[in-house]
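So the structure is just underneath, and the comments pick up after that.
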Amino acid sequence: MIEVKGLTKYYGQLAAIEDVSFSVSKGQILGFLGPNGAGKTTTMRILTGFSPPTRGTAVVAGYDIAANPVEVKRRVGYLPESVPLYGEMLVSKFLAYVAAVKGVGRGRRRSEVGRVIERCGLADVERRVCSNLSKGYRQRVGLAQALIGDPPVLILDEPTVGLDPRQIIEIRQVIKELGEDHTVLLSTHILPEVAMVCERVLIINQGHVVAEDTMANLARGTARSLEEVFIEAVAKDAATDNVKENDTPAAAGGAL
Amino acid sequence: MRNTWAVCKREFASYFVTPVGYVVVGIFAAISGLAFCASFMFYADVSLNPSMYAYSSVPDFEETLLGPFLTFCGTLVVFIGPLVTMRLLAEERNRGTMELLLTHPLRDREIIFGKYLASLGMLFVMMLVVGVDLVVMSWYVQVEPAVLVFGLITVFLMGAAFFSLGLFVSSVTSNQVTAGTLTFGVWFILYIIGTFAENLAESNPAPEAWGEGVRKMAGFFYGLFRGFLQQLPIDSHARDMAQGIVQPEDIVYYVLFGAFFLFLTFRSLESRKWRA
Numbered sequence: 269m270i271e272v273k274g275l276t277k278y279y280g281q282l283a284a285i286e287d288v289s290f291s292v293s294k295g296q297i298l299g300f301l302g303p304n305g306a307g308k309t310t311t312m313r314i315l316t317g318f319s320p321p322t323r324g325t326a327v328v329a330g331y332d333i334a335a336n337p338v339e340v341k342r343r344v345g346y347l348p349e350s351v352p353l354y355g356e357m358l359v360s361k362f363l364a365y366v367a368a369v370k371g372v373g374r375g376r377r378r379s380e381v382g383r384v385i386e387r388c389g390l391a392d393v394e395r396r397v398c399s400n401l402s403k404g405y406r407q408r409v410g411l412a413q414a415l416i417g418d419p420p421v422l423i424l425d426e427p428t429v430g431l432d433p434r435q436i437i438e439i440r441q442v443i444k445e446l447g448e449d450h451t452v453l454l455s456t457h458i459l460p461e462v463a464m465v466c467e468r469v470l471i472i473n474q475g476h477v478v479a480e481d482t483m484a485n486l487a488r489g490t491a492r493s494l495e496e497v498f499i500e501a502v503a504k505d506a507a508t509d510n511v512k513e514n515d516t517p518a519a520a521g522g523a524l
Numbered sequence: 021m022r023n024t025w026a027v028c029k030r031e032f033a034s035y036f037v038t039p040v041g042y043v044v045v046g047i048f049a050a051i052s053g054l055a056f057c058a059s060f061m062f063y064a065d066v067s068l069n070p071s072m073y074a075y076s077s078v079p080d081f082e083e084t085l086l087g088p089f090l091t092f093c094g095t096l097v098v099f100i101g102p103l104v105t106m107r108l109l110a111e112e113r114n115r116g117t118m119e120l121l122l123t124h125p126l127r128d129r130e131i132i133f134g135k136y137l138a139s140l141g142m143l144f145v146m147m148l149v150v151g152v153d154l155v156v157m158s159w160y161v162q163v164e165p166a167v168l169v170f171g172l173i174t175v176f177l178m179g180a181a182f183f184s185l186g187l188f189v190s191s192v193t194s195n196q197v198t199a200g201t202l203t204f205g206v207w208f209i210l211y212i213i214g215t216f217a218e219n220l221a222e223s224n225p226a227p228e229a230w231g232e233g234v235r236k237m238a239g240f241f242y243g244l245f246r247g248f249l250q251q252l253p254i255d256s257h258a259r260d261m262a263q264g265i266v267q268p269e270d271i272v273y274y275v276l277f278g279a280f281f282l283f284l285t286f287r288s289l290e291s292r293k294w295r296a
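Chains F and D, in that order, give the protein sequences. For what it's worth, our numbering labels the leading residue of the first sequence as 269, then goes sequentially. For what it's worth, our numbering labels the leading residue of the second sequence as 21, then goes sequentially.
Following this line, the structure appears as structure tokens:
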């Protein structure tokens, strides 16, 4: 469903991600894990067509992101990290607008908006303007707009940030349910979340993939926690970087 | 088309769920109304006593009142225009909603035309305000319909051309104040250049000492340059048209002006694909 090959993105001289490759099959929930600034958001922005990669390709839902951006966007529901909303709009109006631009037919728009409102528990705030919502509700409106049109692929950038514990549990439950018939790519830096929600994990650090496996394999045998796996992977990455730096100090200096 | 309409509807509605729309239309109604009253009263005075104002007979209504009033309305639209256009794309960028706009299945042209149409919607509302003035006027005076229609078209074309400039400026910045100031500044600079060009001598300024051929060439380029500068102010083509004297080149001027800046807006939005 998502096929990423050698994705690289430079911001000026700075490499945000370098040679990232992975794939997510249909109906899988992939946890995208990494410290802040590792390149999670950059990767997601490329996959959703918000910013182009410097190099590399990605195929989402059967369409190349560079050749067919609109077809990709039709099949992807995206929750951006900062959850931008049109502050002056009513929640229901905003969702109706999103339904319109996502090509939901006029006749089905009302029922589609009703569906996501129920799914994300927004019935109480339907008639409020977006700028007056609490962080938790903003996050849910963001998720609701991603779900409109029932896209087969969901890309959720830190969906549980800023929520209270009860909301976190609710949202995780929603995501888990969605994972049954959607392909979900979910980024987070909260380790237990990955353990609870995802089937596979991809750990990314300083722009490279440092580990990728199923949850079961990562923790197998050694009874290690995900935390240990994560710290080890990141530490190993840092060590190889140091070696590289010693070999070619001039080349690696810029990247660090 | 459906997507363009959806973008347009949201944009237009947002003018009227925030104070912007009311302020813009209100100010426009107040100023154009005052101007209309003043010129109407002045015309009434003149027509009662033409000799006092150095007219030999009652002056032509279209030429003395209607034309200048409509040109003034066009200028007023241009004055207030930056308030309408500055938010179009700059606000999306500033609020981060650009990320939604660009990850929803919308083509660039749907975004740009949707936004542009919404701003033209505001222009249409302003025209309705002028329409009220004109309806009131038609109770008292018989006006040539052609003058009225072309006058209104002039104001609309002028505004539409200028709004495309505003849309372009809004696409290059994320700050609304910058966008508004820049749009207004560009208009004012064009206006000043045009006024300056009006004062340039018509005759060839090349000195006699230059050879015949060189002089002719210099004169040719001077004429071209002078003509170009004179065309820059956005109201330069409005005056005749507002009196019902329509020349195709005037209409073409506004259409090209608008198309040029819409084209630049496309390129500006597209630049995200190769910048950064």
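Where is the CB? At the ideal position from N, CA and C, for every residue including glycine. It should be emphasised that the depicted structure is a prediction, and the values quoted were computed from it without experimental measurement.
Closer than 8 Å to the CB of Val27 (chain D) there is at least one CB belonging to chain F. DSSP, read as helix, strand or coil, puts Asp287 (chain F) in strand.
For Ala479 (chain F), the enclosing beta strand (DSSP E) starts and ends at His476 to Thr482. When C-beta atoms of the segment 464-481 of chain F are compared with those of the segment 279-295 of chain F, three or more pairs fall below 8 Å, so the two segments count as touching. At a cut-off of 8 Å between C-beta atoms, Val369 (chain F) counts as an interface residue with respect to chain D. About 34 Å separates the Cβ atoms of Tyr242 (chain D) and Leu187 (chain D), ruling out a contact at the 8 Å cut-off. In this structure Pro433 (chain F) is exposed. Its beta-carbon is surrounded by fewer than 16 other beta-carbon atoms within 10 angstroms. In this structure, DSSP gives Asn23 (chain D) a helical state, which the three-state scheme calls helix.
Taking Gly307 (chain F) as reference, the option from F:Met464, F:Val292, F:Val381 and F:Ala284 with the minimal CA-CA separation is F:Ala284. Residue-level contact by beta carbon holds for Pro125 (chain D) and chain F, with a gap shorter than 8 Å. Note: Asn473 (chain F) is bridge-paired with F:His476 in the DSSP secondary-structure output. DSSP links Tyr279 (chain F) through a beta bridge to F:Leu282. For Phe170 (chain D) and Leu120 (chain D), the gap between their C-alpha atoms comes out near 41 Å. Within the segment 232-288 of chain D, the runs of alpha helix (DSSP H) at least 4 residues long that lie entirely inside it are, in chain order, 232-251 and 258-261. The beta carbons of Glu271 (chain F) and Val338 (chain F) sit about 19 Å from each other, so the pair does not count as a contact at 8 Å. Going by C-alpha positions, Ala262 (chain D) is about 17 Å away from Leu143 (chain D). For Tyr346 (chain F), the secondary structure class from DSSP, reduced to helix, strand or coil, is strand. Taking 8 Å as the threshold, the shortest C-beta distance from Lys135 (chain D) to chain F does not fall below it.
Put simply, the segment 173-188 of chain D touches the segment 250-267 of chain D. At least three CB pairs are less than 8 Å apart.
Cβ contact annotation for Lys370 (chain F) (same chain, cutoff 6 Å, sequence separation greater than five): Ile416 and Gly417, in chain order.
In chain order, Ile285, Asp287, Val288, Ser289, Thr311, Ile314, Pro321, Arg323, Gly324, Thr325 and Ala326 place their CB closer than 8 Å to the CB of Leu275 (chain F), counting only its own chain and leaving out the 5 sequence neighbours on each side. In terms of CA proximity to Gly330 (chain F), F:Lys294 leads the group F:Phe498, F:Arg408 and F:Lys294.
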